[in-house]
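2 protein chains.
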Amino acid sequence: MFDKNYLLPSEALDRILSVISAPFLSDERLKIEECYSRIAAVDIVSPEDLPAFSRSTVDGYALNSKDTFGAKDTIPAYINIRHEVFMGASPDFEIKQGEAAKIPTGGMLPAGADAVLMLEHSQVISPDMIEVTKSVAPGENVIQKGEDIKEGEAVITKGHKLRAQDIGALAGIGITEINVFKKPIVSIISTGDEIVSASNSLNLGQVRDINSFVLSGLIMEHGGMPAKKGIFKDDYEIIKKIIHESLNDSDMVLISGGTSAGAKDMTAQIIDDIAGLYGGGGVLFHGVSLKPGKPVIGGVVNNKPILGLPGHPAAIVVCFNLFIRPILEKLSGLNGKNLDKSIKAKMAKSIASAAGREDHIRVYLEKHGNELLSVPVLGKSGLITTLVKADGIVIIPHGKLGLDKGEEVTVKLF
Amino acid sequence: MFDKNYLLPSEALDRILSVISAPFLSDERLKIEECYSRIAAVDIVSPEDLPAFSRSTVDGYALNSKDTFGAKDTIPAYINIRHEVFMGASPDFEIKQGEAAKIPTGGMLPAGADAVLMLEHSQVISPDMIEVTKSVAPGENVIQKGEDIKEGEAVITKGHKLRAQDIGALAGIGITEINVFKKPIVSIISTGDEIVSASNSLNLGQVRDINSFVLSGLIMEHGGMPAKKGIFKDDYEIIKKIIHESLNDSDMVLISGGTSAGAKDMTAQIIDDIAGLYGGGGVLFHGVSLKPGKPVIGGVVNNKPILGLPGHPAAIVVCFNLFIRPILEKLSGLNGKNLDKSIKAKMAKSIASAAGREDHIRVYLEKHGNELLSVPVLGKSGLITTLVKADGIVIIPHGKLGLDKGEEVTVKLF
Chain A
1 MFDKNYLLPS
11 EALDRILSVI
21 SAPFLSDERL
31 KIEECYSRIA
41 AVDIVSPEDL
51 PAFSRSTVDG
61 YALNSKDTFG
71 AKDTIPAYIN
81 IRHEVFMGAS
91 PDFEIKQGEA
101 AKIPTGGMLP
111 AGADAVLMLE
121 HSQVISPDMI
131 EVTKSVAPGE
141 NVIQKGEDIK
151 EGEAVITKGH
161 KLRAQDIGAL
171 AGIGITEINV
181 FKKPIVSIIS
191 TGDEIVSASN
201 SLNLGQVRDI
211 NSFVLSGLIM
221 EHGGMPAKKG
231 IFKDDYEIIK
241 KIIHESLNDS
251 DMVLISGGTS
261 AGAKDMTAQI
271 IDDIAGLYGG
281 GGVLFHGVSL
291 KPGKPVIGGV
301 VNNKPILGLP
311 GHPAAIVVCF
321 NLFIRPILEK
331 LSGLNGKNLD
341 KSIKAKMAKS
351 IASAAGREDH
361 IRVYLEKHGN
371 ELLSVPVLGK
381 SGLITTLVKA
391 DGIVIIPHGK
401 LGLDKGEEVT
411 VKLF
Chain B
415 MFDKNYLLPS
425 EALDRILSVI
435 SAPFLSDERL
445 KIEECYSRIA
455 AVDIVSPEDL
465 PAFSRSTVDG
475 YALNSKDTFG
485 AKDTIPAYIN
495 IRHEVFMGAS
505 PDFEIKQGEA
515 AKIPTGGMLP
525 AGADAVLMLE
535 HSQVISPDMI
545 EVTKSVAPGE
555 NVIQKGEDIK
565 EGEAVITKGH
575 KLRAQDIGAL
585 AGIGITEINV
595 FKKPIVSIIS
605 TGDEIVSASN
615 SLNLGQVRDI
625 NSFVLSGLIM
635 EHGGMPAKKG
645 IFKDDYEIIK
655 KIIHESLNDS
665 DMVLISGGTS
675 AGAKDMTAQI
685 IDDIAGLYGG
695 GGVLFHGVSL
705 KPGKPVIGGV
715 VNNKPILGLP
725 GHPAAIVVCF
735 NLFIRPILEK
745 LSGLNGKNLD
755 KSIKAKMAKS
765 IASAAGREDH
775 IRVYLEKHGN
785 ELLSVPVLGK
795 SGLITTLVKA
805 DGIVIIPHGK
815 LGLDKGEEVT
825 VKLF
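So the sequence lines, in the order shown, correspond to chains A and B. My numbering puts the first residue of the first sequence at 1, with every later residue one more than the last. My numbering puts the first residue of the second sequence at 415, with every later residue one more than the last.
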């Protein structure tokens, strides 16, 4: 049933990735508050040191560490408390030999001091003198000027996806606006003579559009901007017109539906015909060794990826993970580690797979005592509820004939 | 240094979770397009069967399976093709004994038919007759009416976080608006005499507010709505007033900063004093066996959680994961499996931990051939760049004295 001549999913993906080339998207300048999960469009270099001054990390006494050398319980050192450092203020005094200043956590180290003695390691013996019973090393309990970020250092590199802490770092160095890549716009074209809108009532024989809602959510989750183009009849001219329009106003085009043999061939034909108008590109693969998702079509026209997706919801999700997500990430300018979020679990039952194809099994997770079990969700890939019940996907590679009960697997979480 | 009498983080969390009680939030009615990642406020019951009719899953012939029983290469069955099913239409004919109708994938099964024969298993021998060389089981290649979702079935249960496929399932049954819980509003109060806004230029001794940006991002990521209240001086009356206001207009209150001993005690005092005004509640813990994050304060006033957070960014992130996130999830009505997204890796070097405390180590991940290494990020917890460089956190439990080089660990990814 699975032709050895079909490509593996990874080979199919490579065909698309290798022909689309940067630069893809222009950038936009936004306030950092709006940049969570966005991709930095340039290296962001610090205009200043963070912190801008050496700070204490404890409540204690700022002093010259030399004055404490050799101090211990039996031979304490005695230090004069001459000054106090206040939060948020620059000390207007200098620490001289044998002197110290009271300093709070976060306070600025005064001139002449090179370390902070923790309150706990001193004894107040008079209002202006402490006994020190432990020596302090130079730099101890101090964050040095520029220790966090140095002026001129690249804090964020181009292509980095900005997390909460990255935005925090930018705030810390006074950068309140940055350039991020615009989000790739992904057209979603729903096709099928039987498909009607979710808000429609149904005639017998009709079904509502599910896939555009699934695709929209996944696209948003992975940094894209979905553009639903609507539902179209399986007609050469109609589909060709909307694909052509979508190539003009978006960065990637998805055609969902067309599960029947005739419809699939028509989608491929239209992609090639439009490529002809642009003078190049076209279909790069038609069918892969994959279940579910075998009939997927991939192509590129005018440097823009086009995918023809099978109509089954489970196939849509599998094709999203295997093809759409990596393409979207390349288009979006992402240049980071791609750490797939996953969890280890043990198979609750054995499951077979045909040789030569990659099987994507929907599973849900169940805790049994200390063990996490991965339970296959049964049901045809055309059933949306198989995805609703699932927590993630387990992949059986093409060289493997199945999974054994009790075998440890990696579940890619939704 | 760590008092055995301090609570473990999990014990501290339980103190808060056990005193805040549902119901927390009212709900709002939104279009399903706006409900990705939102929490269902009610069970959502299907008004209809999905599909509303039995459908073919292949291109082939709809027939009565009995007519194919015993058919094989040597003894084929012969069937009359009398009709054709069109996509999106209800067949206006009935399949009689010895008859079949051409049917496309997704087509509606006509009356009288109970299965579909795949095109591949038949041979056209005249325009109105096929030869069948394989028997078909009843129901084969058919999705039955209601097989995906049955009328009256709960598709989504209250407390479920809606993913792309869940929204798709709702679209499939014609539900275009649903009730979801409102997002919990989380006040963020930044305190510290040295703290200024990110947009300010700095005087010596001042630092910019980093933590409110880190907290806002994490709160949004986990379903809350951050409400930044601004930056306030470490003054009893000022802080008391803003906490009081925040208790009125939000569902949870975070106070960031106040790292010095005096400031910490003041925050705890204010929480207890305000609790007095409400006639109950107050501080539930002050300090936990945790690094970084030891000085965290937790309390509840008027059924609303209040947390006093240490000023160091790394401590903020650790306290978010251990305390704020689970509290936020309870407040948000989430009632799902809590699958922490994580990845297994091997420690690149050994690292020590003090007995009796839980250590949260920032790490970055590095691929070495087939091995994923977890490399500790060095640097004080006051440095925001230790978080910028990190990909996640490894926890050393309180009973463990450290991690060995090569030891397998679970990295909780950011």
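Glycine included, C-beta positions come from ideal geometry on N, C-alpha and C.
Beta-carbon proximity of residue i to residue j, cut-off 8 Å
i: G521 (chain B); j: M501 (chain B); result: yes
i: L309 (chain A); j: I343 (chain A); result: no
i: L63 (chain A); j: A100 (chain A); result: yes
i: V42 (chain A); j: N141 (chain A); result: no
i: N211 (chain A); j: G311 (chain A); result: yes
i: K559 (chain B); j: P465 (chain B); result: yes
i: S289 (chain A); j: V186 (chain A); result: no
i: G695 (chain B); j: G606 (chain B); result: no
i: G159 (chain A); j: L328 (chain A); result: no
Nearest-angstrom Cα separation, counted from residue j out to residue i
i: G139 (chain A); j: V116 (chain A); result: 8 Å
i: P326 (chain A); j: E822 (chain B); result: 28 Å
i: M761 (chain B); j: H782 (chain B); result: 12 Å
i: S440 (chain B); j: N335 (chain A); result: 41 Å
i: F507 (chain B); j: N5 (chain A); result: 41 Å
i: L401 (chain A); j: D428 (chain B); result: 46 Å
i: I495 (chain B); j: R452 (chain B); result: 50 Å
i: D763 (chain B); j: L817 (chain B); result: Per the sequence shown, residue 763 (chain B) should be read as Lys rather than Asp. So the alpha carbons of these two residues sit roughly 8 Å apart.
i: G747 (chain B); j: L365 (chain A); result: 21 Å
i: K794 (chain B); j: A352 (chain A); result: 51 Å
i: F416 (chain B); j: L307 (chain A); result: Confidence in F416 (chain B) is poor, its pLDDT being 44 and thus under 50, which makes the residue's placement too unreliable to answer from.
i: E151 (chain A); j: K655 (chain B); result: 38 Å
Chain B contact residues for residue i, given Cβ-Cβ distances below 8 Å
i: P313 (chain A); result: Q579, G582
i: D322 (chain A); result: What sits at residue 322 (chain A) in the sequence shown is Leu, not Asp. Within 8 Å Cβ-Cβ: nothing; L322 (chain A) doesn't reach chain B, min ~16 Å.
i: I143 (chain A); result: K794, G796, L797
Min CB distance residue i to chain A below 8 Å
i: T471 (chain B); result: yes
i: I688 (chain B); result: no
i: I603 (chain B); result: no
i: K794 (chain B); result: yes
i: I711 (chain B); result: no
i: K548 (chain B); result: no
i: K751 (chain B); result: yes
Minimum Cβ-Cβ distance from residue i to chain B less than 8 Å
i: L117 (chain A); result: no
i: V388 (chain A); result: yes
i: I106 (chain A); result: At residue 106 (chain A) the sequence reads Gly, which differs from the Ile that was named. For G106 (chain A), the answer is yes, since a Cβ of chain B falls inside 8 Å of its Cβ.
i: A89 (chain A); result: yes
i: N203 (chain A); result: yes
i: L365 (chain A); result: yes
i: I79 (chain A); result: no
i: P210 (chain A); result: Note on residue identity: the sequence assigns Ile, not Pro, to residue 210 (chain A). Taking Cβ atoms only, chain B reaches closer than 8 Å to I210 (chain A), which makes this a yes.
Contact set between residue i and chain A, taken where Cβ atoms lie within less than 8 Å
i: I446 (chain B); result: A198, F213
i: L420 (chain B); result: The sequence shown places Tyr at residue 420 (chain B), rather than the Leu named in the question. By Cβ distance, chain A contributes nothing, its closest Cβ being about 16 Å from Y420 (chain B), past 8 Å.
i: E425 (chain B); result: Result: empty, since nearest Cβ-Cβ is about 20 Å, beyond 8 Å.
i: T681 (chain B); result: Simply none; closest approach about 14 Å.
i: G606 (chain B); result: M87, G88, G106
i: V569 (chain B); result: T385, V388
Beta-carbon neighbours of residue i, restricted to chain B and to distances below 7 Å
i: F232 (chain A); result: Chain B residues near F232 (chain A): none, gap ~13 Å exceeds 7 Å.
i: P51 (chain A); result: V621
i: K341 (chain A); result: K755, L827
i: S176 (chain A); result: First, the amino acid is wrong: residue 176 (chain A) is Thr here, not Ser. The answer, in chain order, is A612, S613.
i: K344 (chain A); result: K758
Residue i: contacting residues in chain A (beta-carbon distance under 7 Å)
i: V731 (chain B); result: Q165
i: I798 (chain B); result: D148, Q165, G168, A169, G172
i: Y450 (chain B); result: G217, M220
Heavy atom of the ligand GDP within 7 Å of residue i beta-carbon
i: G168 (chain A); result: As presented, the structure is devoid of all ligands, the ligand GDP included, so that no description of it is given.
- With contact counted as at least three CB pairs below 8 Å, one residue from each stretch, are the segment 706–721 of chain B and the segment 426–440 of chain B in contact? yes
- Message: Across the segment 764–781 of chain B and the segment 616–631 of chain B, are there enough close Cβ pairs to call them in contact, namely three or more that are closer than 8 Å?
- Response: no
- Are the segment 573–583 of chain B and the segment 375–390 of chain A touching, with three or more C-beta to C-beta distances below 8 Å? yes
- Report yes or no: do three or more beta-carbon pairs, one from the segment 227–238 of chain A and one from the segment 281–289 of chain A, lie closer than 8 Å? no
- Query: For the segment 392–406 of chain A, which residues have a beta carbon sitting closer than 7 Å to at least one beta carbon of chain E?
  - Reply: Absent from the structure is chain E; the protein chains it does hold are A and B.
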